[in-house]
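Numbering (UniProt numbering), first residue to last: 1 to 688.
Here a beta-carbon is modelled for each residue, glycine too, at the ideal position from N, C-alpha and C.
Here is the structure we will look at.
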Ligand code: GCV
């Protein structure tokens with residue numbers, strides 16, 4: 001990887017005190033037969049082992065005859081040594097993708113075994129082993145058994161085909177050059193490697209907004225293309241080459257489809273999901289896709305939302321729409337991911353997803369997954385969790401998280417999402433009584449976790465070198481939601497910035513403190529949200545402060561602030577199960593960090609510690625800026641300890657982050673002051 005960063009797959013020479021132990025077991029490697037995934041394993045070992053160990057390892061395709069120790073990667077059927085080294089019934093019982101890593105002695109030699117019952121598991125196991133070498137972990141007594149917590153760990157690319165743009169992507173233009181397919185770019189494989197190394201097993205390659213480009217492209221000729229055209233036969237044929245790259249890494253390809261495709265791609269005059277011709281059109285299209293891409297994962301659909309067509313256009317509902325597509329995918333083992341992101345007809349947008357989908361529980365086909373954003377609004381810095389979690393026990397659900405930082409400073413601010421995701425996963429829904437955290441859902445077949453992607457053509461991939469941590473953490477958490485945030489961060493930092501303790505500790509601190517800082521300066525920290533500038537179509541902003549644009553989201557008046565979502569307001573709090581509903585309903589019990597999401601309160605309402613609401617908002621906005629300055633100083637302390645390119649890039653972004661945090665602080669505190677008329681106790685706000 002030269003034109004772009006290697007991210008966490010850097011493979012730098014391990015320290016001398018590890019070298020002997022590693023070389024003893026990895027001087028040679030045996031990788032069983034030539035399945036696509038195993039050729040990827042072989043390539044990865046060819047890249048990694050010489051770089052890590054400074055040796056030129058032999059890679060055997062047949063059981064080695066060497067008298068030295070070696071690394072064996074294969075299923076128990078591939079080699080007697082593997083079958084004899086691990087309990088084969090344990091291997092057989094592993095979920096798809098699961099694997100074992102084991103240190104063994106074979107013919108008196110120190111060896112290592114990576115085994116699994118599926119080729120995909122061998123890919124993950126190999127990356128796990130390489131991670132251990134990269135982080136200089138001991139490998140003499142390895143006895144690891146790993147299985148993914150969720151069957152589906154998907155990446156949703158909001159890349160707009162042909163335009164090379166990425167809606168809400170801040171890492172540059174799309175890496176996917178559809179116009180040139182079937183020609184492949186090395187970057188595709190490197191992206192697949194990054195994703196597989198953290199266990200992602202599916203990619204939706206195009207934006208859910210299939211009828212509009214995120215913004216007009218530089219090349220006007222491409223503006224004639226729309227995302228739905230990917231379903232045209234010649235486009236699908238070209239798509240096979242992309243699919244084959246990701247297949248080698250155990251990643252299934254998916255496409256977002258436009259619900260009106262039978263009219264847009266076909267020449268029907270309706271897309272009514274109950275119309276026989278429409279059904280036949282989808283069936284033929286699905287058959288065509290599977291003929292070309294046998295491991296195709298399925299369709300992602302945004303229907304009847306933000307201008308996208310859907311079943312409502314024909315007087316049908318979401319079940320009719322989703323099931324019509326599910327039916328044609330079912331014979332091929334494909335799945336429909338149907339998004340629950342709908343709003344527009346209710347005064348309070350928060351209530352709509354639940355009102356729309358909960359009554360449909362149990363009616364969706366077995367191969368439909370309803371994909372739900374983590375919160376009821378839209379990836380705000382902090383939101384309560386969606387009321388749909390735990391409310392649809394008869395339906396396969398997927399949790400949608402945002403890896404890209406649409407509302408968290410985009411590619412400019414260093415905002416780490418893992419602490420937010422942990423908070424979401426740990427939230428007790430009480431769906432099955434106490435102790436039913438969000439993370440315990442999505443565990444059935446057909447369920448899973450989905451991340452909205454963040455990569456682009458930038459050298460850094462993610463627009464900010466530290467934002468790579470969000471991509472890494474997403475995959476690791478979707479594999480193992482119980483892993484501690486600290487351990488995941490530590491892994492990423494070590495692999496990405498090396499073993500230097502000062503660098504490791506500093507970057508870890510920056511990441512872990514960054515989210516709360518962002519909440520403070522962008523919201524005031526009491527549950528307010530969406531005070532962003534919206535901008536024009538194609539130039540949607542979601543970055544600059546503009547609380548005056550959307551007063552409905554924060555409810556500021558001269559008397560008070562916040563949105564009443566209790567039983568005397570929109571009733572959103574009542575969509576949770578008790579005792580969660582009761583807790584949010586009550587001003588006294590509602591957690592402070594969501595107080596103004598659920599309640600409209602006088603500016604001078606006193607919080608638990610006696611501080612008024614408005615004073616706390618002032619204080620938090622100021623604290624957020626001070627914290628951001630502290631984080632910048634932490635980064636600056638690494639001058640000379642991190643390579644120049646990354647050091648400068650992050651340092652410059654921190655300067656802009658501080659300036660932007662100050663802008664937020666000033667706009668918000670002025671706005672609060674102008675509405676409340678209450679001066680800041682410390683004289684920092686208002687006339688000067
Ligand atoms: C892909 C919000 C974002 C849109 C996004 C949409 C969605 O409205 O601003 O960019 O569209 O959510 O998730 O469908």
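- Excluding residues up to 5 positions away in sequence, 387, 388, 391, 575 lie with their Cβ nearer than 7 Å to the Cβ of residue 354 in the same chain.
- Within the segment 102-173, the runs of beta strand (DSSP E) at least 3 residues long that lie entirely inside it are, in chain order, 109-115, 143-146, 152-156.
- The DSSP-derived three-state label of residue 572 is helix.
- By the neighbour-count criterion, in which 16 or more other beta carbons inside 10 Å mark a residue as buried, residue 278 falls on the buried side.
- Here residue 293 is buried. Its C-beta has 16 or more other C-beta atoms within 10 Å.
- Residue 320 places its beta carbon less than 9 Å from that of residue 273.
- Considered as a whole, the segment 401-489 harbours 448-452 as its complete beta strand (DSSP E) runs of no fewer than 3 residues, in chain order.
- Of 374, 326, 349, the smallest CA-CA separation from residue 366 is found for 326.
- The C-beta of residue 517 has 16 or more other C-beta atoms within 10 Å across all chains shown, which makes the residue buried.
- The Cβ neighbour count for residue 514, taken over all protein chains shown within 10 Å, is at least 16; the residue is labelled buried.
- For residue 637, the closest of 268, 536, 507 by C-alpha to C-alpha distance is 507.
- Counting C-beta pairs closer than 8 Å gives three or more between the segment 417-427 and the segment 467-475, which meets the contact rule.
- Set against 8 Å, the gap from the CB of residue 349 to the closest heavy atom of the ligand GCV is not smaller.
- In the DSSP assignment, residue 371 falls outside any alpha helix (DSSP H) and within the unbroken beta strand (DSSP E) covering 368-373.
- Here the alpha carbon of residue 617 sits roughly 7 Å from the alpha carbon of residue 526.
- For residue 106, the closest of 343, 86, 96 by C-alpha to C-alpha distance is 86.
- DSSP, read as helix, strand or coil, puts residue 607 in coil.
- In this structure, residue 630 sits away from residue 523, with a CB-CB distance that is not shorter than 9 Å.
- Between residue 401 and residue 451, the C-beta gap is smaller than 9 Å, which places the two residues in contact.
- Note that the segment 138-153 touches the segment 93-104; at least 3 beta-carbon pairs, one per stretch, sit closer than 8 Å.
- Distance from the CA atom of residue 519 to the CA atom of residue 51, rounded to whole angstroms, is 41 Å.
- Secondary structure note for residue 664: its alpha helix (DSSP H) is the uninterrupted segment 644-676.
- One Cα belongs to residue 58, the other to residue 47, and the distance between them is close to 12 Å.
- Not one heavy atom of the ligand GCV lies closer than 8 Å to the C-beta of residue 204.
- No residue range can be given for residue 379, since it is assigned to no beta strand (DSSP E) and is classified by DSSP as neither H nor E.
- Spanning the alpha carbons of residue 556 and residue 672 requires a straight line of approximately 8 Å.
- No heavy atom of the ligand GCV is found nearer than 8 Å to the CB of residue 644.
- Within the model, the alpha-carbon separation for residue 411 versus residue 301 is close to 27 Å.
- Contact between residue 10 and residue 55 fails: their C-beta atoms lie close to 18 Å from each other, not under 8 Å.
- Contact check for residue 399 against residue 368 fails: the beta carbons are separated by 9 Å or more.
- Secondary structure of residue 612 (DSSP, three-state): strand.
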